[in-house]
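First the structure, in the form of structure tokens, and then the observations on it.
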């Protein structure tokens with residue numbers, strides 16, 4: 096009974112947050128700047144969770160998530176500008192974002208293949224190479240603007256939509272981690288050979304992890320494109336991937352709560368340091384370096400907030 | 019366990035495990051050469067031999083870590099040569115490792131639950147969307163895992179990280195993790211390595227009990243003669259990648275070739 | 007055909023720059039098994055020191071080269087001491103993330119000091135010889151000559167000195183070496199000094215070839231050099247040099263015979279294919295998983 100109440104209260108809180116977001120955007124309760132920051136936090140949160148799945152839970156090191164984000168951003172933008180422009184945005188927008196996610200997921204499948212044989216630092220390079228390939232391909236397609244970028248999307252990303260996708264992402268990634276497949280990727284992180292020999296089909300779980308992760312990176316890309324209304328290959332360069340890495344490791348790997356904190360802290364801090372001008376990007380990494388020296392596992396580091404753990408797991412007395 | 023009891027009525031049935039003419043090279047190095055032996059269902063068999071004789075390589079070939087250069091591995095009559103390790107595991111062959119390979123940063127319970135992977139009937143969509151079957155399977159697997167841990171003395175430690183267990187219990191957990199894959203055949207690679215005599219005694223009792231409870235066939239590699247001679251009903255002796263003796267312990271013990279391999283040539 | 011040789015010369019020039027940077031990546035990886043993502047930015051600082059020496063202090067070529075090499079060497083050693091050493095026993099990713107942080111820090115400090123791209127004046131009298139139709143500039147000669155000299159010097163240090171022996175020993179087995187009385191901290195500092203020094207030299211070479219520099223050049227050039235090290239097999243010194251010249255050739259030839267926007271596409275596709283086919287690079291140690 097207690098479990099049920101707990102579960103309900105988490106769901107209730109999620110619903111309340113969503114309703115608040117709806118009210119804020121409908122009645123303009125917060126000024127646009129704050130709303131923009133909140134939306135950026137949400138998008139960064141989705142990206143951070145997506146990357147955490149690979150880097151934290153599966154223990155690989157992807158440096159190319161900007162590539163997945165790019166795939167999602169371009170596919171969803173193309174759809175909403177060229178195909179779904181006439182449809183009601185209420186339906187068209189989620190469809191476009193979903194399609195962006197699916198496209199990114201398909202791209203993720205391609206990166207999963209080398210991960211069967213290649214591990215560690217070399218896989219990191221593979222992901223990097225892959226994101227560079229995605230970027231170059233876009234630069235060479237003239238119909239999407241090539242290096243000049245692509246625009247024409249309406250500003251469809253709103254606070255409630257971001258909120259909705261954040262809740263969906265947190266829920267699905269949590270479900271994934273506390274499932275058969277989630278334990279599979281944890282086992283791969285701990286010892287791939289032992290995992291395979293205890294019956295985990297490491298190929299399948301790696302594919303699944305890459306697809307889920309890149310799907311959400313693509314969703315974030317779609318939201319981002321419809322927020323800024325302009326994307327270019329340069330948006331999705333190594334610096335973007337680095338930013339995601341910083342958020343993941345700032346918050347702590349292998350923890351959803353960590354990702355939430357990392358994405359929030361990074362986005363807010365970056366805004367708070369805005370008066371420093373270009374120097375803010377010199378101060379930011381200093382804070383990161385200090386954090387790494389004094390707390391190498393990030394803010395949360397493998398620990399999880401209790402409300403994010405499924406009820407059945409909590410009562411199992413299982414520490415993670 | 020009486021060897022005659024196993025060999026008699028079951029002689030006509032296919033062997034639980036049969037290695038047929040296995041040869042394996044690592045680059046130019048010949049690790050195994052024409053290895054043949056069978057393990058009958060229900061047996062507790064052992065592989066012994068000097069260091070570097072190829073014992074662990076045999077395990078790796080059975081479990082699909084390597085694919086043999088030549089020869090076949092049959093499991094209950096079916097050819098499993100060259101299958102993926104996870105497929106072989108899900109057919110019912112589980113193993114442990116010479117150097118313990120637990121999932122160190124996972125809890126004891128999760129080590130055992132992870133081993134249920136192959137037997138769970140949940141597809142990715144059900145897991146991602148928290149479907150009813152996923153929840154039911156999770157519940158079942160958690161209960162079964164807890165029951166297994168409770169029965170074999172690790173229940174109280176279910177929530178601890180595997181890396182925090184003392185050495186002897188890590189060994190035990192590794193065996194239980196293998197048991198959780200639902201095997202009919204278990205390969206144990208030096209289960210008593212690094213244990214003192216008291217612990218070995220406990221381990222032997224534990225292996226016997228597990229074998230009886232899960233009606234397993236067991237093949238183990240071991241250096242501690244007391245354990246091998248005291249438990250195994252069938253012993254295969256490897257030296258330089260070849261089988262030099264194969265039979266019940268009394269016979270193997272008095273085999274001159276075995277004596278020579280262990281005492282004779284200075285190695 | 008002459009066009010081809012002309013491009014081949016360019017390829018050797020670009021390859022030399024990549025090689026000098028790639029050596030820094032590979033040496034640090036060799037002793038610490040850590041990818042020093044800030045190394046590309048060390049190179050960038052080298053290019054900016056070259057700018058300071060040439061445009062502000064009006065120094066000639068050799069002092070500028072020494073200034074860049076010396077300055078970046080100090081930067082590398084200081085970075086190791088301050089940012090990486092405290093993390094030597096922390097999880098490996100902490101050090102990697104720290105190196106990313108150091109990189110961003112260096113980029114933006116440089117950006118804060120130099121808000122606009124800078125132009126490096128010619129360091130050498132600029133004229134070219136004609137070699138059977140192929141024109142060879144003094145810059146190219148200097149780049150190739152200095153790079154070969156530095157690589158040869160590195161070869162001597164690594165293979166003929168006691169310190170070099172210690173470095174090779176650490177890269178073979180870091181756990182054992184301290185037990186044999188090798189001062190590991192000093193050796194790691196030496197590795198950073200050597201690697202950063204070469205990176206500083208590369209900054210000068212790059213500045214001569216592409217005189218307009220901005221604080222972000224370290225990212226893309228650094229990654230390319232890193233790719234070189236990976237192609238050759240990261241951790242292998244000969245591999246890094248080999249990979250750098252392969253990459254230089256591929257890039258120049260792609261740009262010469264295909265639309266130049268295909269350059270990165272071809273480069274990274276090749277890398278992708280290579281890593282699938284040969285996951286540890288051309289000359290890298292194959293890691294054997296023991297079961």
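Residue numbers (the numbering used here), protein chains in the order written: chain W, 96 to 415; chain U, 19 to 285; chain L, 7 to 297.
For each residue, glycine too, the CB sits at the ideal point set by N, CA and C.
Computed from a prediction, not measured in an experiment: that's the story for all the values here.
Short-range partners of chain W found in the segment 112 to 133 of chain L, where Cβ spacing is below 8 Å: Within the segment 112 to 133 of chain L, the qualifying residues are 113, 114, 115, 117, 118, 121.
message: Please tell me whether residue 360 (chain W) and residue 115 (chain U) are closer than 9 Å, where the distance is taken between their beta carbons.
response: As a position in the first chain, residue 360 (chain W) is number 265, starting the count at 1. As a position in the second chain, residue 115 (chain U) is number 97, starting the count at 1. Their beta carbons are not under 9 Å apart, which means residue 360 (chain W) does not touch residue 115 (chain U) by this criterion.
- request: For residue 266 (chain W), decide whether its Cβ has a neighbour in chain U, counting only Cβ atoms nearer than 9 Å.
  value: Sequence index remark: in the first chain, residue 266 (chain W) carries index 171 (1-based). So, interface residue.
query: Going by C-alpha distance, which of U:75, U:207, U:164, U:256 is nearest residue 42 (chain U)?
result: Here residue 42 (chain U) corresponds to residue number 24 of the second chain, with the count starting at 1. Residue 42 (chain U) has its Cα closest to that of U:75, out of U:75, U:207, U:164, U:256.
- request: For residue 266 (chain U), collect the residues of the same chain with a Cβ closer than 8 Å to its Cβ; drop the 5 residues on either side in sequence, then sort them by chain order.
  value: Working through the second chain from its first residue, we reach residue 266 (chain U) at position 248. 21, 251, 252, 253, listed in sequence order.
query: How many angstroms separate the CA atom of residue 128 (chain U) from the CA atom of residue 154 (chain W)?
result: Residue 128 (chain U) sits at position 110 when you count from the first residue of the second chain. Residue 154 (chain W) sits at position 59 when you count from the first residue of the first chain. Residue 128 (chain U) and residue 154 (chain W): Cα-Cα distance of roughly 17 Å.
message: Please tell me whether residue 161 (chain U) and residue 139 (chain U) are closer than 9 Å, where the distance is taken between their beta carbons.
response: The sequence position of residue 161 (chain U) within the second chain is 143, counting from 1. The sequence position of residue 139 (chain U) within the second chain is 121, counting from 1. No, the pair does not count as a contact, with Cβ atoms beyond the cut-off.
field: Those runs of the beta strand (DSSP E) which lie wholly inside the segment 223 to 289 of chain L and span at least 3 residues
entry: none
message: Are the CB atoms of residue 107 (chain U) and residue 292 (chain W) within a distance shorter than 9 Å?
response: As a first step, residue 292 (chain W) must be located in the first chain, where it is residue number 197. As a first step, residue 107 (chain U) must be located in the second chain, where it is residue number 89. Taking 9 Å as the Cβ cut-off, residue 292 (chain W) and residue 107 (chain U) qualify as a contacting pair.
Same chain, Cβ closer than 7 Å to residue 102 (chain L), five either side skipped, listed in chain order: Against the third chain, residue 102 (chain L) aligns to sequence position 96. So the qualifying residues of the chain are 40, 41, 43.
field: Own chain partners of residue 195 (chain W) with C-beta closer than 7 Å, once the 5 adjacent residues on each side are dropped
entry: Along the first chain, one-based indexing puts residue 195 (chain W) at 100. Hits under 7 Å: 167, 168, 170, 171, 313, 314, 316, 317.
query: Once you ignore the five residues that flank residue 236 (chain U) on each side, which residues in its own chain have a CB closer than 6 Å to its CB?
result: Counting from 1 along the second chain, the entry for residue 236 (chain U) is found at position 218. Cβ neighbours of residue 236 (chain U) beyond the five flanking positions: 62, 204, 229.
- prompt: Just by C-beta distance, which residues in the segment 234 to 261 of chain W are closer than 7 Å to chain L?
  reply: Those residues of the segment 234 to 261 of chain W that come within reach of chain L (Cβ to Cβ, closer than 7 Å) are 234, 235.
query: Helix, strand or coil for residue 192 (chain L) per DSSP?
result: Taking the third chain and counting its residues from 1, one reaches residue 192 (chain L) at position 186. Assignment of residue 192 (chain L) by DSSP, reduced to helix, strand and coil, places it in the helix class.
CB of residue 295 (chain W) within 9 Å of CB of residue 277 (chain W), strictly: As a position in the first chain, residue 295 (chain W) is number 200, starting the count at 1. As a position in the first chain, residue 277 (chain W) is number 182, starting the count at 1. In this structure, residue 277 (chain W) does not lie closer than 9 Å to residue 295 (chain W) by Cβ.
8 Å contact criterion, which residue 50 (chain L) and residue 149 (chain L) should meet: CB distance rounded: As a working mapping, residue 50 (chain L) is identified with position 44 in the third chain. As a working mapping, residue 149 (chain L) is identified with position 143 in the third chain. Incorrect: roughly 17 Å between the Cβ atoms, too far for contact.
field: Alpha-carbon spacing of residue 254 (chain W) relative to residue 320 (chain W), whole angstroms
entry: As a working mapping, residue 254 (chain W) is identified with position 159 in the first chain. As a working mapping, residue 320 (chain W) is identified with position 225 in the first chain. Looking at the two C-alpha atoms, the distance is approximately 14 Å.
message: Just to make sure I have the definition right: I need the residues of chain U whose C-beta is within less than 9 Å of the C-beta of residue 144 (chain W). Which are they?
response: Counted from its first residue, the first chain places residue 144 (chain W) at position 49. Within 9 Å Cβ-Cβ: nothing; residue 144 (chain W) doesn't reach chain U, min ~13 Å.
task: Under 9 Å between beta-carbons, which chain W residues line up against residue 42 (chain U)? List them in chain order, please.
output: The sequence position of residue 42 (chain U) within the second chain is 24, counting from 1. Within chain W, no residue comes near residue 42 (chain U); the closest Cβ sits about 18 Å away, beyond 9 Å.
task: Ignore the nearest five residues each way along the sequence and tell me which others in residue 109 (chain L)'s own chain have a CB closer than 6 Å to its CB.
output: Your numbering for residue 109 (chain L) matches position 103 in the third chain. Here the set comprises 43, 44, 47.
task: Compare the C-beta of residue 404 (chain W) against all C-beta atoms of chain U and say whether one is closer than 9 Å.
output: Counted from its first residue, the first chain places residue 404 (chain W) at position 309. No - not a single Cβ of chain U is within 9 Å of the one on residue 404 (chain W).
- prompt: Got a sec, what are the start and stop residues for the alpha helix (DSSP H) residue 416 (chain W) sits in?
  reply: The requested residue 416 (chain W) is not part of the displayed model; chain W covers only 96 to 415.
message: So that I know if they touch, is there some Cβ in chain L lying closer than 9 Å to that of residue 112 (chain W)?
response: By 1-based counting over the first chain, the position of residue 112 (chain W) is 17. With 9 Å as the cut-off, residue 112 (chain W) does not count as an interface residue toward chain L.
Residue 163 (chain W) at chain L interface by Cβ criterion, 9 Å: On the first chain, residue 163 (chain W) is found 68 positions in, with the first residue counted as 1. It does not: the Cβ of residue 163 (chain W) has no partner Cβ on chain L nearer than 9 Å.
query: My guess is that residue 70 (chain L) and residue 60 (chain L) are in contact by the Cβ rule of under 8 Å, so how many angstroms apart are they, rounded?
result: Mapped onto the third chain, residue 70 (chain L) falls at position 64. Mapped onto the third chain, residue 60 (chain L) falls at position 54. Right, their Cβ atoms sit about 5 Å apart.
- prompt: According to DSSP, is residue 208 (chain U) helix, strand or coil?
  reply: Start at 1 with the first residue of the second chain, and residue 208 (chain U) comes out as number 190. Assigned with DSSP and collapsed to three states, residue 208 (chain U) falls in coil, not helix or strand.
Sequence-distant residues of the same chain with beta carbon closer than 6 Å to residue 139 (chain L), five excluded per side: Here residue 139 (chain L) is taken as the residue at index 133 of the third chain, counted from 1. Excluding sequence neighbours, residue 139 (chain L) sits near 8.
is_contact[residue 209 (chain U), chain W] using C-beta, thresh 9 Å: As a working note, residue 209 (chain U) is residue 191 in the second chain. No, its Cβ sits nowhere closer than 9 Å to a Cβ of chain W.
message: What residue range does the alpha helix (DSSP H) around residue 368 (chain W) cover?
response: Here the question's residue 368 (chain W) lines up with position 273 in the first chain. Element bounds for residue 368 (chain W): n/a, residue is neither H nor E.
message: For residue 156 (chain L), would you say it is in contact with chain W, using Cβ-to-Cβ distances shorter than 9 Å as the test?
response: Numbered from 1 along the third chain, position 150 holds the residue referred to as residue 156 (chain L). Residue 156 (chain L) does not count as touching chain W.
message: Which complete alpha helix (DSSP H) runs does the segment 142 to 222 of chain L hold, if anything under 4 residues is left out?
response: 144 to 166, 168 to 178, 190 to 215
query: Using the beta-carbon of each residue, which ones in chain W are nearer than 8 Å to residue 138 (chain U)?
result: Counting from 1 along the second chain, the entry for residue 138 (chain U) is found at position 120. Those within 8 Å of residue 138 (chain U) in chain W are 275.
- prompt: Taking all protein chains shown into account, do 16 or more other C-beta atoms lie within 10 angstroms of the C-beta of residue 178 (chain L), making it buried, or fewer, making it exposed?
  reply: Walking along the third chain from the start, residue 178 (chain L) turns up at place 172. Residue 178 (chain L) should be labelled exposed.
message: Mapping the DSSP letters down to three states, classify residue 41 (chain L) as helix, strand or coil.
response: Residue 41 (chain L) sits at position 35 when you count from the first residue of the third chain. Here residue 41 (chain L) sits in coil by DSSP.
query: Cα separation between residue 400 (chain W) and residue 152 (chain U)?
result: Translated into the one-based positions of the first chain, residue 400 (chain W) becomes position 305. Translated into the one-based positions of the second chain, residue 152 (chain U) becomes position 134. Going from the Cα of residue 400 (chain W) to the Cα of residue 152 (chain U) covers about 23 Å.
field: Chain-order list of residues whose beta-carbon lies under 8 Å from that of residue 278 (chain L) (same chain, five-residue window excluded)
entry: As a working mapping, residue 278 (chain L) is identified with position 272 in the third chain. Around residue 278 (chain L): no qualifying Cβ.
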